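Following: one structure in C-alpha cells, then a few remarks.
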Amino acid sequence: MMYFDRLHTKRITLREVLEKGPEFVPCVYDAITAMIVEKRGFNAMCFSGANFAAYYAGVPDIGLITPTETKTMVSNITKVTNIPMIVDIDTGYGNELNAIRTAVDMAESGAMAVHMEDQAFPKRCGHLNGKTVIPRDEYIRKVRAVADALKGSDCMLIARTDSYLGYGVDEAIERNKRSLEAGADIAFTEGARTREDIEKIAQSVDGWNMFDMCHGGASPDLTFEELVQMGYRLVTCPTLPVAALNKFKEGTQKVFEVKNDFFLNGFKENCMNGLGFFEFLGIAEWYSHGQKYDPSMNAASHTDVLD
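In case it helps, this note's numbering puts the sequence shown at residues 62 to 368.
Below is the structure:
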C-alpha cells in the first residue's frame, strides 16, 4: 500500500471483519510491525499501549504516554496499511470530554476501533496488581459519551473493565452489560483469573466479547479455539512483539560476542537484510511512482560487491 493510498481506498472496517466470525488479532506498536502483520495475512490488528510505551519511550505501561504521541503513531500506521486497527486509548485521558476528544482524534487518524478502560488515572497494565477503577456510574457516563461521539462513524467502541481484580466477576459482568446498553460495541474484561470466570463472562454478557491473550499475565492460557467455544468474538495478543524483542536480544548477544553480522546468513530465508529490507517497505513502488513525474529518477538496486 502506497503512503497516499488511504486517501483513495475504501478500507474494510473491524465490524465487517467480525461479522464474518471470530477473529484472532495480534498487537503492533509501529508502522513496520503493522506492515508485517498485514502482509502475513491477518485480517485486523491492535495497537498495544503497553508495547508502544516500551518501544517508543522506554517506559512501563503506567499512564506515561500522551494521546498526541499515540495519535501520531496511529496515523503513521494507517497510512501504510489497509487492515482495520484497534487502538488502546487507556482511560480516555480524563473525563467524558477528554475521552470524546481522544476517541475522535484516533478515529480521524484511521482507527477502526478504540478500547477505553475504567481504571482511575494514572492507569497501569491490566495484568498488574494494584489497579483501581472509577465508580460504575462514572464509567458508564464515559462510555455513553464516547459511543455518542463515534455514532455513525466506522470506528467502534470497545468498553474495557478492570474491575474483576478488586470487585470480582459479577461486578465485571454488570459493567460489561451496562457498557453495551450505553452504546459500546464490544465488552472486554481484563485480567480474569480462572477459566470458569472467563467462560462465565462470555456466557453472561449478551453481545460481542473480547479477550486479551497474554501468556505470562494474570489470565490462564487458553487457545483461540477454546475462547471461541466459550463465546468470544475477538481475541487480541499483545505478547507477540515480545517475541521480536527476544530475537533482538539474541542477535545483540551474538554481535557482542563475534563483532560481525555474518550470522545473519543463517536466517536468510526469512531475514530482511540489505535491499530486501527496503523492498519490504516498498522502495520499488516509491521510485516507480516518482518516475511518473521525473523519468530520470533512478530505481534502487544492490550496490556492487567489490572484488
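Built from N, CA and C at the ideal position, the CB exists for glycine as well. Note that the coordinates shown come from a computational prediction; the quantities given were computed from them, not determined experimentally.
Legend entry - C-alpha distance - D368 paired with L325, whole-angstrom precision: Numbered from its first residue, the sequence shown carries residue 368 at position 307. Numbered from its first residue, the sequence shown carries residue 325 at position 264. Because D368 sits at a pLDDT of 42, beneath the cut-off of 50, its placement in the model cannot be relied upon, and the point is left open.
Legend entry - contact_flag[the segment 155-166, the segment 82-91] where n(CB pairs < 8 Å) is 3 or more: no
Inset, instruction - Out of A111, L218, V86, V289, point me to the one whose CA is closest to K184's CA. - result: To locate residue 184, count along the sequence shown from 1; it is residue 123. When each option's Cα is compared against that of K184, the closest is A111.
Inset, instruction - Would you mind giving the Cβ-Cβ distance between G252 and H188, rounded to the nearest angstrom? I have them listed as a contact below 8 Å. - result: Here residue 252 is taken as the residue at index 191 of the sequence shown, counted from 1. Here residue 188 is taken as the residue at index 127 of the sequence shown, counted from 1. That pair is a contact at about 6 Å.
Inset, instruction - Pair every Cβ in the segment 141-157 with every Cβ in the segment 72-86, then say whether three or more of these pairs are closer than 8 Å. - result: yes
Inset, instruction - Could you name the residues that DSSP lists as bridge partners for D273? - result: The count along the sequence shown starts at 1 and reaches residue 273 at position 212. T297, per the DSSP bridge assignment.
Legend entry - Length at least 4, wholly inside the segment 70-102: the alpha helix (DSSP H) runs in chain order: 75-80, 92-101
Legend entry - Check whether P299 and D282 have beta carbons under 8 Å apart: The residue labelled residue 299 in the question sits at position 238 within the sequence shown. The residue labelled residue 282 in the question sits at position 221 within the sequence shown. The answer is no: Cβ separation not under 8 Å.
Inset, instruction - Could you check which residue in R205, L218, K353, S280 has the C-alpha nearest to that of Y225? - result: Taking the sequence shown and counting its residues from 1, the one referred to as residue 225 is at position 164. Answer by Cα proximity: S280.
Inset, instruction - Apply the 10 Å Cβ neighbour rule to S357 and answer buried if 16 or more other Cβ atoms are within range, or exposed otherwise. - result: Numbered from its first residue, the sequence shown carries residue 357 at position 296. When all chains shown are included, S357 counts as exposed.
Inset, instruction - Report yes or no: do three or more beta-carbon pairs, one from the segment 205-217 and one from the segment 231-244, lie closer than 8 Å? - result: yes
Inset, instruction - Just mark D267 as buried or exposed, buried being the case when its beta carbon has 16 or more other beta carbons within 10 Å. - result: Taking the first residue of the sequence shown as position 1, residue 267 is located at position 206. D267 is exposed by the Cβ-count criterion.
Inset, instruction - Buried or exposed for V194, please, with buried defined as at least 16 other CB atoms from any protein chain shown within 10 angstroms of its CB. - result: Position 133 of the sequence shown holds residue 194. Buried, by the Cβ-count rule.
Legend entry - Candidates A248, Q290, G244: closest to R256 by CA position: Translated into positions along the sequence shown, residue 256 becomes position 195. For the residues A248, Q290, G244, the minimum Cα distance to R256 belongs to Q290.
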